[in-house]
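The structure appears below as C-alpha cells.
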Amino acid sequence: MTDRSVVETEFYCSEDEDAKTPTARSGVLPDGERRRQLVRQGIDSDILAILDHKFLDGHNRCTILNSTGPDFCNPRTGQPAFVVITALQDALDRHFLNLDKKRTLFEILGWKFECLACHEIKAPADYQGTSYIFWGPEVPGSCYLRSGPCVACQEKARKSKHPQAGIVPYKVAYPE
Numbered sequence: 085m086t087d088r089s090v091v092e093t094e095f096y097c098s099e100d101e102d103a104k105t106p107t108a109r110s111g112v113l114p115d116g117e118r119r120r121q122l123v124r125q126g127i128d129s130d131i132l133a134i135l136d137h138k139f140l141d142g143h144n145r146c147t148i149l150n151s152t153g154p155d156f157c158n159p160r161t162g163q164p165a166f167v168v169i170t171a172l173q174d175a176l177d178r179h180f181l182n183l184d185k186k187r188t189l190f191e192i193l194g195w196k197f198e199c200l201a202c203h204e205i206k207a208p209a210d211y212q213g214t215s216y217i218f219w220g221p222e223v224p225g226s227c228y229l230r231s232g233p234c235v236a237c238q239e240k241a242r243k244s245k246h247p248q249a250g251i252v253p254y255k256v257a258y259p260e
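Counting along the sequence shown from 1, when you hit position 138 you're at 222 in our numbering, and nothing is skipped either side.
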C-alpha cells in the first residue's frame, strides 16, 4: 500500500528552449512564470503564501496557484474541485487575509461567485464588504462558491424603503 502523504520530488531538464518560455499560441503562462510575474507586480506576501500553499491531489503535489485550470474544476458545475477548496481553506486558516486581500486572491485564481441576492455569477470585484462562501447548503457539503449581496444588490437595498432588504439569509453545509 502506498502512503499518499509521502511525495518524492523529480526534476526534468529540457534542451528545448521553447519548453522554457511561455507559448504565444496557448496564451497561458507556465506556473513558475505566472508566479514570477505576480512577484514582479508586487503581490502581497500573505496572498503569495496562500498561492504557494502545497497539497496532494492523489499522488501529485500541487499548489493553489497551479490548481486553477480545467483539471481542477468540476466540468458539470464549473466549481473548483473539493481538494482545492479544502486546501485553500487550510491555507486561509494559516494566513489571515482581510476581505480586500481575499478579493485579490480570488481574482488571481479567476474564481467567480454567485450572488446570494440576485443569483448572478459575478467576479470578486463585484462584491464589497461581504464574505465568501465555499460550500453549498445541501448535506453533504459540496463546493459552491457564493457571496453577497453584490454591490448592485446592496445599492438596491439602500434605496429600498425596507431597512432589512440588504440582509440575505443563507445555509452552509460543511463537508464531513
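Don't be surprised by glycine CBs; every beta carbon is placed ideally from N, CA and C.
Could you check how far apart the C-beta atoms of L229 and F197 are, in whole angstroms? I think they sit under 8 Å. 5 Å
Contained beta strand (DSSP E) runs [length at least 3] in the region 157–219, N- to C-terminal order: 197–199, 216–219
Quick one: using the 10 Å Cβ neighbour count with 16 as the cut-off for buried, is G126 buried or exposed? Around the Cβ of G126, a 10 Å sphere holds fewer than 16 other Cβ atoms; the residue is exposed.
8 Å Cβ cutoff met for C157 and C202: Between C157 and C202, the C-beta gap is not smaller than 8 Å, which leaves the two residues out of contact.
Reduced DSSP category for C237 - H, G, I as helix; E, B as strand; rest coil: helix
Let me check understanding here. Comparing Cα to Cα, which of S231, A165, G142, L149 lies closest to D155? A165
Can the beta-carbon of P224 be found less than 8 Å from the beta-carbon of Y254? no
Return helix, strand or coil for D155, following the three-state DSSP convention. DSSP places D155 within a helical segment (H, G or I) once states are collapsed to three.
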